[in-house]
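Scroll down for the structure; my scribbles are underneath it.
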Amino acid sequence: MGLKSAFKKIKDRKKFRWKDRAYKVHTLDLYAKSDPLGGANQAKGIVLSKFQKEARQPNSAMRK
Numbered sequence: 000m001g002l003k004s005a006f007k008k009i010k011d012r013k014k015f016r017w018k019d020r021a022y023k024v025h026t027l028d029l030y031a032k033s034d035p036l037g038g039a040n041q042a043k044g045i046v047l048s049k050f051q052k053e054a055r056q057p058n059s060a061m062r063k
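Take the sequence shown: its letters are residues 0 to 63, numbered as in numbering that gives the first Met the number 0.
This is the structure we're talking about:
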């Protein structure tokens with residue numbers, strides 16, 4: 000332990016903190032980048048395509 004060893008300890012902590020997965024995900028904001036719905040709940044999911052489907056026999060309504 001030298002007189003300036005505190006600086007090395009701080010530097011090492013900063014370097015090795017990147018090995019912690021939670022720190023890395025939080026700092027680089029990886030959750031937001033990998034979230035396809037952009038934080039919205041599933042009920043408000045993005046509609047890729049709409050199509051109509053005919054109902055089966057006794058009913059003549061069109062379903063979306």
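No residue lacks a Cβ here, since even glycine has one placed at the ideal position from N, Cα and C.
Small disclaimer: the values here were computed from a predicted structure and weren't measured.
Alpha helix (DSSP H) containing Gly-4: first to last residue? First, the residue type needs correcting, since residue 4 is Ser and not Gly in the sequence shown. Unbroken alpha helix (DSSP H) run through Ser-4: 4-16.
State the DSSP-derived secondary structure class of Lys-23, mapped to helix, strand or coil. helix
So what's Lys-32 in DSSP terms, helix, strand or just coil? helix
Quick one: residues in its chain with C-beta nearer than 7 angstroms to the C-beta of Gly-37, no 5 flanking neighbours on either side, listed in chain order? Counting only Cβ-Cβ distances below 7 angstroms, and skipping sequence neighbours, we find nothing.
What does the alpha-carbon distance come out to for the pair Lys-14 and Ala-39? 34 angstroms
Is it the case that the CB of Leu-47 approaches a heavy atom of the ligand GTP more closely than 8 angstroms? In terms of ligand content, the structure shown is empty, and the ligand GTP therefore cannot be addressed.
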